[in-house]
Amino acid sequence: MRRRGPYGDVMSEKTVTFSIEGMHCGGCVRRVTGALSEVDGISDVRVDVGTATFVTDDDDGIVDEAKAAVAALGFTVTGWQAAA
Ligand SMILES: [Cu+2]
112 MRRRGPYGDV MSEKTVTFSI EGMHCGGCVR RVTGALSEVD GISDVRVDVG
162 TATFVTDDDD GIVDEAKAAV AALGFTVTGW QAAA
């Protein structure tokens, strides 16, 4: 995988937080958790109504994939930020 170094070490990680519109209940939380957990290259998915956080490396392409996974459920990512 291109997201790991030559010896399988994980490259520099960051925690990404999504703001998500359209979530209402625990069912929404489970659906978003499941969708994000299936995105290759992210881990430690934690979801509440209206927010989701996960850990990934510095590849913004993964963030776009995660946004698409949330959008596919009918929710909208209204903003996101990353912290090292
Ligand atoms: Cu719901």
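If you're matching positions, the sequence shown starts at 112 in this note's numbering and goes up one per residue.
Even for Gly, the Cβ is constructed at its ideal location relative to N, Cα and C.
Use the C-beta contact count for residue i: other C-beta atoms within 10 angstroms, 16 or more gives buried, fewer gives exposed.
i    : result
T189 : exposed
C136 : exposed
A195 : exposed
A177 : buried
How is residue i classed by DSSP in three states: helix, strand or coil?
i    : result
D169 : coil
M112 : Note that M112 has pLDDT 42, beneath the 50 cutoff, so the model's placement of it is unreliable and no number is given.
A183 : coil
D151 : coil
Does the beta-carbon distance from residue i to residue j come in below 7 angstroms?
i    : j    : result
A163 : F129 : yes
L184 : R142 : yes
D159 : V166 : no
If you follow the beta strand (DSSP E) that residue i is in, where does it begin and where does it stop?
i    : result
S148 : Unbroken run through S148 is the alpha helix (DSSP H), G137 to S148; no beta strand (DSSP E).
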